[in-house]
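Q: Chains A and B supply the protein sequences, listed in that same order.
1 is the number of the first residue of the first sequence in my numbering; add one for each residue after it.
281 is the number of the first residue of the second sequence in my numbering; add one for each residue after it.
Positions of the beta carbon are idealized from the N, C-alpha and C atoms, including for glycine.
Protein chains: 2
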Amino acid sequence: MIKVNVDEMLRKNSELITSALDALLPKGDEPHTVLYEAMRYSALSGGKRIRPTLTLEFCRLAGGDVTAAIPYAAAVECVHTYSLIHDDLPCMDNSDTRRGRKSCHIAYGEANALLAGDALLTYAFALASENPFADAERNCRAVSALAGAAGYDGMVGGQVCDLLYEKTAPDFSAFIDMECKKTVELITAACTLGLICAGADEEMHAAARKYAYGIGIAFQLIDDILDGDTAGNTVLAYMDRAEAADTAKKLTESAVESISSYEGCEALASLAEWLLSRTA
Amino acid sequence: MIKVNVDEMLRKNSELITSALDALLPKGDEPHTVLYEAMRYSALSGGKRIRPTLTLEFCRLAGGDVTAAIPYAAAVECVHTYSLIHDDLPCMDNSDTRRGRKSCHIAYGEANALLAGDALLTYAFALASENPFADAERNCRAVSALAGAAGYDGMVGGQVCDLLYEKTAPDFSAFIDMECKKTVELITAACTLGLICAGADEEMHAAARKYAYGIGIAFQLIDDILDGDTAGNTVLAYMDRAEAADTAKKLTESAVESISSYEGCEALASLAEWLLSRTA
């Protein structure tokens with residue numbers, strides 16, 4: 001398989017996404033300055049931009065125009081950023097730091113962080129519904145896919161399970177179901193939005209869902225292995241590190257396999273392997 | 281003008297909306313039960329359903345099929361409900377009660393209330409984008425109008441101003457701008473979504489915006505008069521009760537005037553007057 005420099009690919013996509021977000025997010029404009037700053041602080045704070053990269057790369061894989069997928073990619077990143085802001089709030093994980101600096105509510109106060117999260121979530125749907133490079137049919141599908149992935153039976157549902165399972169450890173299948181909702185659903189939506197933009201067929205959507213499942217669960221397993229904690233909602237409550245690493249490897253192989261018949265699949269295949277081998 | 285029984289109209293529309301929300305909101309289904317219950321607790325807790333009534337009545341006024349507007353009306357009510365849940369949170373208004381019973385975070389805990397609000401906001405966009413009675417063009421416009429009204433330059437922006445102005449009282453025009461963002465924008469979207477559903481022309485959209493402005497600001501003024509407090513963000517910091525009542529009356533007249541040329545305008549005209557004369 002052709003070697004792809006994943007660091008370079010992520011850097012290029014990240015530049016695209018960051019400059020799009022910088023242009024699309026509101027700025028200046030009293031009296032909302034503090035809201036706009038809080039939104040920008042969290043959305044422009046770095047991060048690897050894995051999810052929006054998936055949107056762009058799946059659009060590319062399906063032969064679509066990557067520029068047309070940028071508003072969708074930005075929408076996905078807004079949803080991801082909102083989820084981090086709300087997760088960090090005192091009533092949730094109560095985390096003072098995020099990506100090596102103050103979390104949003106430490107920097108801007110709790111009320112502004114709550115509202116910045118609300119505004120980013122809302123803006124994601126504005127971006128997707130108003131993508132000028134796609135027609136109403138595609139924009140509607142994008143909104144629907146994103147809302148489904150983020151909502152009560154997706155990311156928010158996963159968060160509720162996470163809170164519940166801190167009290168009572170679930171069985172393994174319920175644990176995996178939680179990880180699917182918390183993480184895999186939005187990763188799936190990220191891939192799906194790229195394909196919607198490119199007008200891909202259902203077979204390709206099915207392949208993307210399989211890919212997203214593989215890299216999404218593997219991502220969580222690697223997180224848990226790197227974290228090393230065996231208490232709480234971690235795969236290490238169900239298997240040892242070697243077994244978890246082996247499972248992540250198999251999931252990654254299955255992700256790579258799912259897209260292997262598509263020409264130009266090397267970038268996404270290499271990304272899956274890069275995610276498996278990460279050490280931080 | 282034909283007499284319209286507003287209580288009866290609101291009762292009928294409220295029944296439609298409540299039974300739609302009851303059918304549309306998730307229920308049962310472990311392990312999310314607590315999330316679904318919190319969403320339902322707040323969305324099915326009564327309230328006059330003014331906003332979704334506006335959606336249905338503007339659809340009717342424009343000759344549209346009211347049934348087709350129900351998913352949009354439900355979406356508007358989900359956004360309204362989310363805003364109440366997040367407003368009541370300890371870091372915002374810290375309110376223990378809402379509509380005569382425990383606020384969502386008192387009943388379900390702060391984390392679940394935060395997440396129930398997030399889920400309702402997200403679900404609003406699912407409902408609007410997936411309205412089976414309208415085409416993708418209309419559903420996209422509905423999502424866009426709703427996201428604009430709810431977002432950083434709409435309701436969330438208004439909330440940020442409200443927080444700011446607790447510290448420094450603004451001049452009157454900034455105060456009115458805050459009220460527009462906090463309240464009028466979503467009321468405007470409620471009217472607009474009914475018209476989008478019916479395929480109304482731009483002239484009717486302009487009339488609806490004027491109507492929404494009139495009833496929206498009048499609504500806030502009446503709230504402030506009934507509340508009677510002269511401290512904080514209230515119109516009584518700028519004028520006395522009599523002046524405020526007179527302003528509300530003029531705004532209501534202007535709202536009624538804006539739609540008076542449309543056949544069947546009596547229901548919405550009577551609603552505007554009913555809102556002006558309310559005593560609670």
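(1) Just the C-alpha distance for residue 427(B) and residue 370(B), rounded to the nearest angstrom, thanks.
(2) Within the 9 Å Cβ cut-off, does residue 485(B) reach chain A?
(3) Indicate whether residue 547(B) and residue 490(B) have their beta-carbon atoms separated by less than 9 Å.
(4) Counting pairs of beta carbons, one from the region 111 to 122 of chain A and one from the region 37 to 46 of chain A, are three or more of them closer than 8 Å?
(5) Give the straight-line distance between the Cα atoms of residue 531(B) and residue 408(B), rounded to the nearest whole angstrom.
(6) Tell me residue 378(B)'s beta-bridge partners as DSSP assigns them.
(7) My output table needs one value for residue 510(B): the three-state DSSP class, helix, strand or coil.
(8) Taking the alpha-carbon positions, what's the residue 230(A) to residue 263(A) distance?
(9) So, using beta-carbon positions, are residue 194(A) and residue 57(A) closer together than 9 Å?
(10) Output the residue ranges of the alpha helix (DSSP H) runs that lie fully inside the region 442 to 487 of chain B and measure 4 residues or longer, sorted by chain position.
(11) So residue 322(B) is in the alpha helix (DSSP H); what residue range does that whole segment cover?
(12) Return the CA-CA distance between residue 554(B) and residue 93(A), expressed in angstroms with no decimal places.
(13) Who are the Cβ neighbours of residue 172(A) in its own chain at under 7 Å, not counting the five residues just before and after it?
(14) Cα separation between residue 55(A) and residue 537(B)?
(15) Short of 7 Å in beta carbon distance, which residues of its chain neighbour residue 155(A), apart from the five on each side in sequence? Order them along the chain.
(16) Using 10 angstroms around the beta-carbon of residue 343(B), count the other beta-carbons present and answer buried if the total reaches 16, otherwise exposed.
(17) Nearest-angstrom Cα distance between residue 75(A) and residue 245(A)?
(18) To the nearest angstrom, report how far apart residue 122(A) and residue 419(B) are at their CA atoms.
(19) Does DSSP classify residue 140(A) as helix, strand or coil?
(20) Closer than 9 Å by beta-carbon distance: list the chain A residues that pair up with residue 413(B), in chain order.
(21) To the nearest angstrom, report how far apart residue 290(B) and residue 471(B) are at their CA atoms.
(22) Distance check for residue 144(A) and residue 556(B), CA to CA, integer angstroms please.
(23) Less than 7 Å between C-beta atoms, sequence neighbours within five positions excluded: which residues of the same chain meet that for residue 315(B)?
(24) How long is the line joining the alpha carbons of residue 20(A) and residue 188(A), rounded to whole angstroms?
(25) Is any beta-carbon of chain B found at less than 9 Å from that of residue 139(A)?
(26) Provide the residue span of the alpha helix (DSSP H) that contains residue 72(A), from first to last.
(27) Counting only the same chain and skipping the five closest in sequence on each side, list residues whose C-beta sits under 7 Å from that of residue 302(B).
(28) Let me make sure I understand the geometry here. Which of 32(A), 96(A), 49(A) and 26(A) has the alpha-carbon closest to that of residue 7(A)?
(29) Could you have a look at residue 254(A) and say whether DSSP puts it in helix, strand or coil?
(30) Within the 9 Å Cβ cut-off, does residue 439(B) reach chain A?
(31) Should residue 51(A) be labelled buried (16 or more other beta-carbon atoms within 10 Å of its own) or exposed?
(32) On a Cα-Cα basis, can you pick out the residue from 412(B), 552(B), 417(B) and 486(B) that is closest to residue 131(A)?
(33) So which residues of chain B does residue 45(A) contact, with C-beta pairs closer than 8 Å?
(34) Tell me which same chain residues have a C-beta within less than 8 Å of the C-beta of residue 174(A), skipping the five on either side of it?
A: Answer, in terms of the structure:
(1) 25 Å
(2) no
(3) no
(4) yes
(5) 30 Å
(6) 381(B)
(7) coil
(8) 41 Å
(9) yes
(10) 452 to 459 and 465 to 478
(11) 313 to 323
(12) 46 Å
(13) 238
(14) 49 Å
(15) 83, 149, 181, 182, 185 and 186
(16) exposed
(17) 32 Å
(18) 16 Å
(19) helix
(20) Going along chain A, no residue has its Cβ under 9 Å from residue 413(B), so there is no contact; the nearest lies around 14 Å.
(21) 15 Å
(22) 38 Å
(23) 392, 395, 396 and 399
(24) 21 Å
(25) yes
(26) 66 to 88
(27) 324
(28) 49(A)
(29) helix
(30) yes
(31) buried
(32) 417(B)
(33) Going along chain B, no residue has its Cβ under 8 Å from residue 45(A), so there is no contact; the nearest lies around 18 Å.
(34) 161 and 165
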